[in-house]
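Listed in order, the protein sequences are those of chains A and B. Be aware that the first sequence starts at 5, since it is given in this note's numbering, and climbs by one per residue. Be aware that the second sequence starts at 95, since it is given in this note's numbering, and climbs by one per residue. Report on the structure given below.
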Amino acid sequence: MMMRLLTFVMALMLAGPVLAQNGPLRLTITDGVIEPITFAAPSFEAENPAALQAASDISRLVVQDLAGTGLFREVPATAFISQISSFAQPVAFADWRAINAQALIVGAVNVNGDQLTVKFRLYDVFSGQELGQGLQFAGTTAGWRRMGHKVADAVYGRITGEGGYFDSRVVFVSESGPKDNRQKRLAIMDFDGANIQFLTDSSSIVLAPRFSPNGDRVLYTSFESGFPRINVLNVANVGRQQLQTAPGEMAFSPRFSRDGRQVIYSLSNGGSTDIYRTDLTTGQHIRLTQTPSIETAPSLSPDGSQIVFESDRSGNQQLYVMSANGGEARRISFGEGRYGTPVWSPRGDLVAFTKQNAGRFHIGVMRLDGSEERLLTSSFLDEGPTWSPNGRVIMFSRETQGAGGTSSMYSVDISGRNLKAVPLQGGASDPSWGPLQP
Amino acid sequence: MTFFKKAAVVLLVLATAACTNPDRFGGGAGGAGGAGGDAGLNGGLAGSASDPTSPLFFNQTIGDRVLFTVDTSTLTPTGQTILDGQAQWLLTNADYRAIIEGHADEQGTREYNLALGQRRANAVREYLVSRGVPVNRLQVTSFGKERPIAVCSEESCYAQNRRAVTVLSFSAITS
């Protein structure tokens with residue numbers, strides 16, 4: 005991913021930019037039943053012959069991204085009355101109204117050597133206005149998917165008023181081999197499963213990676229010493245450092261602080277597992293919990309002031325919240341069963357968790373006071389939720405039952421809708437969703 | 095108890111980290127006694143099962159592992175009997191060290207199971223130390239649910255996977 009991406013608003017002054025900021029085409033994402041917004045996205049115009057393939061690929065990707073959310077529904081090209089042959093051509097709104105397309109996305113692609121530019125306009129068909137201004141993205145042909153995701157993110161953002169999540173990556177554990185000799189490697193993919201890149205080989209077990217807040221580094225647990233230890237990996241050059249621990253200690257469950265300078269993690273010693281915080285620059289560390297029980301899976305609030313974590317101090321796994329500096333913790337989970345792997349949402353309003361009850365595993369969300377618990381999934385073994393950058397979607401691991409059981413990654417809306425597998429060949433687990441890319 | 099032992103945590107470049115553990119861990123068999131690189135002494139089956147000083151005797155006659163009930167680290171009476179034999183063997187064969195590997199079944203979240211496996215391995219270590227084995231000859235680690243030896247999703251398999259395995263080693267142990 006060496007591509008440089010430039011984004012800028014272009015003054016595409018055909019009819020003058022009409023900013024329909026509070027226009028009628030608006031989808032407010034709520035927990036209620038949503039009628040998807042219908043949209044038409046005619047294949048983007050190829051401004052030169054070299055751009056033919058990219059124009060077709062990018063427009064298909066924009067459709068795939070938007071329709072994949074479950075919030076938008078494509079009106080197929082076979083229904084079109086008008087064709088869009090040119091980006092500059094005036095839009096015949098009546099023709100798009102007639103096929104009930106609420107939104108119209110028009111784009112054009114230009115390829116010059118290995119340089120590629122994409123521009124698009126979004127129209128609110130029923131009000132007959134452009135929604136936002138024309139926008140252009142420039143990059144390399146190899147990075148065409150990122151530009152398609154950028155267009156889809158912009159459309160998503162203009163219609164929902166929220167940030168998108170398409171131009172983002174996920175670090176995860178790629179799995180192969182049978183259950184009793186499973187090989188695990190760290191890998192990165194685009195959110196939709198494309199562009200897989202391996203970061204480690206499978207010579208030792210790797211677990212539970214976590215992206216840094218800006219996506220430049222990954223924390224994970226490695227068994228290369230025979231003992232669980234925490235590694236910090238630089239995504240760009242795959243250089244690694246180890247957080248050194250004393251003999252006899254196990255370190256795992258690492259997460260970055262919000263500024264990326266510290267690591268919150270678990271340290272096991274003498275049968276007890278507690279949460280610590282270490283400064284990556286100075287090596288200074290602070291112990292945050294002080295009990296003989298298991299405290300693990302810490303997750304910081306978006307403002308960095310609090311930590312939600314799991315503890316079995318009550319007798320089994322439950323969720324607790326404490327100050328980021330440690331001290332008294334308040335239990336927030338009180339339902340039946342066991343609660344683990346809490347992850348604070350990027351919006352700060354919810355915590356996602358794994359719940360184990362009556363022989364089933366669930367991914368769920370609750371408010372930080374434990375209220376409004378909602379289970380989104382149910383299976384033999386679901387675990388390890390991670391939030392999309394906009395806090396609307398959760399990705400997690402699902403392991404199937406039995407001797408031939410394998411792990412896959414799934415995503416689901418926080419409403420519980422739109423459950424689907426991330427399309428990958430081979431096994432995958434422990435996703436950590438990174439930020440929207442700049 | 096060593097619950098509150100302070101850790102010196104410093105950041106080192108990985109290449110310079112002093113990790114001289116047996117590289118059989120790298121193969122990932124992890125005490126499962128299965129295939130996977132150069133097995134440790136447990137997998138290597140050194141000596142003869144009838145020779146009380148042989149690792150094979152330790153592994154097979156005494157028993158190299160103890161089992162646990164769901165979500166516990168309490169040693170069973172059967173487990174204690176096995177560990178009495180392990181302690182006796184380790185006291186007699188003073189050249190050996192051991193790494194105790196804790197494991198969990200698949201019914202649990204990954205990181206919790208790592209901690210649970212550590213708790214099990216530590217229970218074994220504390221028991222062996224209480225029987226006179228010098229603490230500096232014993233190390234603990236945990237594989238959580240990463241290295242099951244039985245792969246079905248039923249209690250018959252889970253029971254075998256909830257284990258702590260005492261893996262013998264000649265080599266000096268550092269981490």
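Using N, Cα and C, we set each Cβ at its ideal position, and we do this for glycine too. All of these numbers come straight from a predicted model, not from anything done at the bench.
Item, Value
"Residues that DSSP places opposite A:Asp-128 in a beta bridge", "A:Ala-107 and A:Gln-133"
"Rounded separation between B:Gly-196 and B:Thr-203 - CA only", "15 Å"
"Status (buried if at least 16 other CB within 10 Å, exposed otherwise) for A:Lys-154", "buried"
"Closest residue to B:Val-245 among B:Phe-152, B:Gln-174 and B:Ala-198 (Cα-Cα distance)", "B:Ala-198"
"Contacts of A:Ala-212 in chain E (Cβ-Cβ under 8 Å)", "The structure shown contains no chain E; the protein chains it does contain are A and B."
"Beta carbon proximity, B:Val-245 to chain A, threshold 8 Å", "yes"
"contact_flag[the stretch 140-157 of chain A, the stretch 406-417 of chain A] where n(CB pairs < 8 Å) is 3 or more", "no"
"Which residues DSSP lists as bridging A:Ile-234, in chain order", "A:Thr-225 and A:Leu-247"
"A:Ser-436, enclosing beta strand (DSSP E) - first and last residue", "431-440"
"Cβ-Cβ distance between B:Gly-157 and B:Gly-179 below 8 Å", "yes"
"Interface partners of A:Asp-205 on chain B, CB under 8 Å", "Here the premise fails: no neighbours, minimum Cβ distance about 10 Å."
"CA-to-CA distance, A:Ser-257 to A:Ser-206, given in whole angstroms", "19 Å"
"Same chain, Cβ closer than 7 Å to A:Ser-208, neighbours up to 5 away in sequence not counted", "Ser-226, Phe-227 and Glu-228"
"Interface flag, A:Gln-87 vs chain B, CB-CB below 8 Å", "no"
"Enclosing beta strand (DSSP E) for A:Asp-417 [first to last residue]", "411-417"
"Beta carbon proximity, A:Lys-517 to chain B, threshold 8 Å", "A question about residue 517 of chain A goes unanswered here, because the residues of chain A that appear run from 5 up to 442."
"Length of the line joining the Cα atoms of B:Gly-271 and A:Gly-230", "Nothing can be reported for residue 271 of chain B: it is not among the residues displayed for chain B, which extend from 95 to 269."
"Contacting residues, own chain, Cβ-Cβ under 7 Å from A:Val-129 (five flanking each side not counted)", "Phe-97, Trp-100, Arg-101, Ala-105, Gln-106, Ala-107 and Leu-108"
"8 Å Cβ cut-off: residues of chain B touching A:Glu-387", "Thr-203 and Arg-204"
"CB contact below 8 Å: B:Arg-256 versus chain A", "no"
"Closest by C-alpha distance to A:Ser-180, when choosing among A:Gly-408, A:Leu-292, A:Arg-421 and A:Gly-420", "A:Gly-408"
"Below-8 Å beta-carbon distance, A:Phe-400 vs any chain B residue", "no"
"Three or more C-beta pairs below 8 Å linking the stretch 209-226 of chain A and the stretch 172-191 of chain B", "no"
"Whole-number beta carbon distance between B:Phe-162 and B:Arg-219, since they are thought to touch under 8 Å", "Not quite, the Cβ-Cβ distance comes to about 14 Å (not below 8 Å), so this is no contact."
"Residue burial classification, A:Thr-204 (beta-carbon count within 10 angstroms, cutoff 16)", "buried"
"Nearest neighbour of B:Val-234, chosen from B:Ala-253, B:Cys-251, B:Glu-240 and B:Ala-209 [CA to CA]", "B:Ala-209"
"Span of the beta strand (DSSP E), counted from its first residue to its last, around A:Ser-327", "322-327"
"Span separating the alpha-carbon of A:Gly-197 from that of A:Val-267", "28 Å"
"Per-residue contacts from A:Glu-377 into chain B (C-beta, under 8 Å)", "Correct list: empty, because the minimum Cβ distance to chain B is about 17 Å."
"According to DSSP, residues forming a beta bridge with A:Ile-192", "A:Val-175 and A:Gln-201"
"Beta carbon of A:Val-369 nearer than 8 Å to that of A:Val-312", "no"
"Limits of the unbroken alpha helix (DSSP H) element including B:Gln-171", "Looking at the sequence provided, one finds Pro at residue 171 of chain B rather than Gln. Element bounds for B:Pro-171: 171-186."
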